[in-house]
Amino acid sequence: MSQHQCCGVVEEAALQAREKRANRTKPQPWIVRKLAVFLTLGIMGYAGYVYIGRFCVSAIKRTDQSSTGRPTAIALLVVFCVLYLWMIWAYIKVVLTSPGYAKDHIPQSPQPLFDPPDTQHSDYDLENSLTHYNTDYEHSKSHDFDPIRTHRYNKPSYSSTSSPVQANTHRGEPCDNLPQTLETVAPPPSASKPVKPQRNRSFWNALFLPCAVCFDHERQSVARPRKGELPVRRRPPTIPVLHPAQRYCYRDQLVRPHRAHHCRNCGTCVLKFDHHCPWIGQCVGARNHKFFLNFCQSAAVFTLYVLGTLVGFNVPAWARSTSSTAQLDPQIIVISALAALFALFTSVLTWSHIILILRGQTTVESMTIHSTKEREAAALTREFGICGFAEKREAKRQWNEEWGDLDSEGNLWWTGSKKQGWIDVMGSNPLGWILPIGRSSSNGLSYPVNPRFDEQGRMRRRAEWPAELR
């Protein structure tokens, strides 16, 4: 079999797997979703056995090779038990607390219709917002037929509607029947008015890349920028992400609350979906995000403590031993290795989720913003070169001056301050910031929208913001 045939077989298998996942309407089997929970509990139990039974008890009885004295061993055991109970308490809390499901609060409803577009709404240039972007990227995408994306995201974008579409919506036709691209609904070319080339922008990119980069690739057909004007511009799309038609879930047949997303593993829409975590056997969402961070905090502290004490008290004693038969307990080595692995993992998780909470973002939302930044960075590198640091920095400054910083002012769900973002998730009780007590301020059904955006969730220029926020 040739290399091309092998690649074709692999691509076909991957395509079939993606199609199977996309078409799955039922959740994964319960045992599959909860398997990692039993594995985690087993690791916790084994760690407790090794640390208490083979390290602390041996040190108290003075039957081990370590340099730990009896008083020290007792103190280590007491601290271990406190941290151990803290971690288990937080883990049980996050496993047993539901993230909140939209189906429990939102009744099923038919697919809503798109409103007629408001031609007076914005000073965005509709044609530019659909055509001025990274043509190299989109051209490569346009030649790759993806049945999964076509099946799931074939709904028309708000930006691509025009007068023929308005006629359909006034007649009450479902938005499934609307044209999918601007080219489909554009009027025939007129001899007196030249038609500019139009390119299709996928609904997926427009919806999940909320701040696309406009790049003038065809210099011969695009006017040169005026003095002081950047050749690379930030032009947000006009997709109304808060419109009920955009938030409709075709699997659960309901209009999702703000920030809710459908999880294929759980088979339903999760309130304020952050991510699906196999270690807790369910999603992290509006009502257990706080407990998830509490568990990450406790696990990071516990694993660092276990790693530090096991290595700190056993390795020096083993190195000083004069006996040729002296050796470390293999089970202590195993637990030390596991502690090092999970200490790194949980510490990174703790730090990243603290940053996300302070910014008022979820993991899904932060990935969207990160993708946008990557596209902007690629466009700036293409324009100014790899070493054009000053020009890139000035371009980003001008973009943020016009539209706001993507992590704060340009974030649809930014609460206005880091403190408020923290309280919304972790609660106002300082004890609840560490211990798994209390609950989040929000119920997951409604969230205040950043007033720098319009009522449909579309980004506005700084000049259009409320006066007190400019």
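Numbered according to the numbering used here, the sequence shown spans residues 1 to 470. Beta carbons: idealized from backbone N, C-alpha and C, even for Gly. These numbers were taken from a predicted model, which means no experiment stands behind them.
Taking the Cβ atom as the reference point for each residue, do residue i and residue j lie within a distance shorter than 9 Å?
i: E383; j: P231; result: yes
i: A260; j: S442; result: no
i: T362; j: H275; result: yes
i: L254; j: P107; result: yes
i: V37; j: D329; result: no
i: T303; j: A343; result: yes
i: G100; j: G416; result: no
i: Y79; j: Y248; result: The amino acid occupying residue 79 in the given sequence is Val; Tyr does not appear at that position. No, the Cβ-Cβ distance between V79 and Y248 is not below 9 Å.
i: P237; j: L35; result: no
i: L338; j: I369; result: no
i: G421; j: G360; result: yes
i: C269; j: K103; result: yes
i: Y250; j: Q456; result: no
i: E376; j: W399; result: yes
i: R33; j: Q331; result: no
i: V449; j: L113; result: no
i: H288; j: S109; result: Looking at the sequence itself, residue 288 is Asn, so the reference to His does not match. No.
Using DSSP with H/G/I as helix, E/B as strand and the rest coil, what is residue i?
i: V364; result: helix
i: Y51; result: helix
i: Y248; result: strand
i: F273; result: coil
i: E268; result: In the sequence as presented, Glu is not what sits at residue 268; that position holds Thr. DSSP places T268 in strand when its eight states are reduced to three.
i: Y101; result: strand
i: Q282; result: strand
i: C387; result: coil
i: L254; result: strand
i: V10; result: helix
i: R18; result: helix
i: F203; result: Model confidence at F203 stands at a pLDDT of 45, short of 50, so the residue's coordinates are unreliable; what they give is reported in the following sentence. It is helical.
i: F114; result: coil
i: V241; result: coil
i: V94; result: helix
i: R397; result: helix
i: R234; result: strand
i: E464; result: helix
i: S163; result: At S163 the pLDDT is 37, less than 50, meaning the model places this residue with poor confidence; the figure from the coordinates comes in the next sentence. Of the three classes helix, strand and coil, the one that applies to S163 here is helix, per DSSP.
i: P451; result: coil
Tell me which same chain residues have a C-beta within less than 8 Å of the C-beta of residue i, skipping the five on either side of it?
i: F295; result: M87, A90, Y91, K93, V94, I280, P436
i: M426; result: K290, L293, I357, G432, W433, S440
Relative to the alpha-carbon of residue i, which residue among the options has its alpha-carbon at the smallest distance?
i: L412; options: A390, R452, Y84; result: R452
i: I43; options: Y101, L341, V79, T372; result: L341
i: S58; options: P110, R234, L310, E19; result: L310
i: A395; options: P240, L338, R233; result: R233
i: Y84; options: E11, A467, Y46, I60; result: Y46
i: M367; options: H243, R256, S109, F273; result: F273
i: V334; options: I354, W318, L307; result: L307
i: A73; options: N429, G48, I60; result: I60
i: I423; options: H105, G8, I354; result: I354
i: V301; options: C81, R62, P430, E11; result: C81
i: R48; options: L77, P316, I31, S98; result: This sequence places Gly at residue 48; Arg is not what is there. It is L77 whose Cα lies nearest to the Cα of G48.
i: H105; options: S446, P316, E464; result: S446
Enumerate in chain order the residues of its own chain whose CB-to-CB distance from residue i is below 7 Å, with the five nearest sequence positions on each side excluded.
i: D454; result: R460
i: G410; result: C211, W403, G404, M459
i: K392; result: L380, F384
i: K373; result: L406
Sorted by chain position, which residues of the same chain lie with C-beta nearer than 6 Å to residue i's C-beta, five sequence neighbours on each side aside?
i: L349; result: C296
i: A299; result: M87, T346
i: R470; result: R462
i: S163; result: Low confidence applies to S163: its pLDDT is 37, below 50, so where it sits in the model is not reliable, and the reading given next is rough at best. Once the five neighbours on either side are set aside, S163 has no close Cβ partner at all.
i: C266; result: P27, C283
i: K418; result: L358
i: T40; result: W279
Does residue i pass the burial test, meaning 16 or more other C-beta atoms within 10 Å, or should it be called exposed?
i: A14; result: exposed
i: L96; result: exposed
i: S336; result: buried
i: W351; result: exposed
i: E127; result: Low local confidence applies: a pLDDT of 33 at E127 is under 50, so the model's placement there is unreliable, and no value is given.
i: D252; result: buried
i: C175; result: Its pLDDT being 39, under 50, C175 is placed unreliably in this model, and the coordinates cannot settle the point.
i: F389; result: exposed
i: R235; result: buried
i: C56; result: buried
i: R70; result: exposed
i: R256; result: buried
i: P466; result: exposed
i: N429; result: exposed
i: W30; result: exposed
i: I386; result: exposed
i: S408; result: buried
i: D316; result: In the sequence on display, residue 316 carries Pro and not Asp. P316 is exposed by the Cβ-count criterion.
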